[in-house]
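The opening position of the sequence shown corresponds to residue 1 in UniProt numbering, with each subsequent residue numbered one higher. Here a beta-carbon is modelled for each residue, glycine too, at the ideal position from N, C-alpha and C.
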Amino acid sequence: MGGKRKKRTKPIRVRPKVPSTFECPRCGKVSINIKIKNGMANITCGACGLHAEIEVPPVFDNANAYGKFLDMYLEGEIEISDEENNQKEEEENYEDEGKSEELHQ
Numbered sequence: 001m002g003g004k005r006k007k008r009t010k011p012i013r014v015r016p017k018v019p020s021t022f023e024c025p026r027c028g029k030v031s032i033n034i035k036i037k038n039g040m041a042n043i044t045c046g047a048c049g050l051h052a053e054i055e056v057p058p059v060f061d062n063a064n065a066y067g068k069f070l071d072m073y074l075e076g077e078i079e080i081s082d083e084e085n086n087q088k089e090e091e092e093n094y095e096d097e098g099k100s101e102e103l104h105q
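The following block contains the structure:
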């Protein structure tokens, strides 16, 4: 007669997760912040100050918005403003001048 049939365990499929951190194409640091609101994605880098606002469809999530941003950056469609870099350099120069004056007194 036969024994009880053994059940096979179903393999558990690992579902890929959507990444939540993204690398800046300009400075290489993992510091990209993406905020999607009303069909517009606001993408900024916390380290170098790279900023872009792109229009995205409602079905896009952060990873899709980052992909579109990266494509636009690599094609040169995103303008890089040097104003932020100039402000940082001016602040650094101002701090350096203050230190040198203190040392010479």
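So, with DSSP's three-state summary, where would you put residue i?
i   : result
N38 : coil
E79 : coil
In terms of residues, what are the limits of the alpha helix (DSSP H) holding residue i?
i   : result
A47 : Neither: A47 is in no alpha helix (DSSP H) and is coded neither H nor E.
Which residue comes first and which comes last in the beta strand (DSSP E) that contains residue i?
i   : result
I54 : H51 to E55
Could you check if residue i is buried or exposed, using at least 16 other CB atoms within 10 Å of its CB as the buried criterion?
i   : result
C45 : buried
I32 : buried
L74 : exposed
Is residue i near the ligand GTP - that is, is its Cβ less than 7 Å away from at least one heavy atom of it?
i   : result
V56 : This structure lacks the ligand GTP, and indeed carries no ligand of any kind.
If residue i sits next to residue j, beta carbons under 8 Å apart, how far is it from one beta carbon to the other, in whole angstroms?
i   : j   : result
I36 : F69 : I36 to F69, Cβ: 11 Å. No contact.
V30 : T21 : 5 Å
E53 : M72 : Contact flag wrong, Cβ pair sits at about 11 Å.
A65 : V56 : 5 Å
P19 : A63 : 6 Å
If we call anything under 8 Å between Cβ atoms a contact, is residue i one with residue j?
i   : j   : result
I12 : L50 : no
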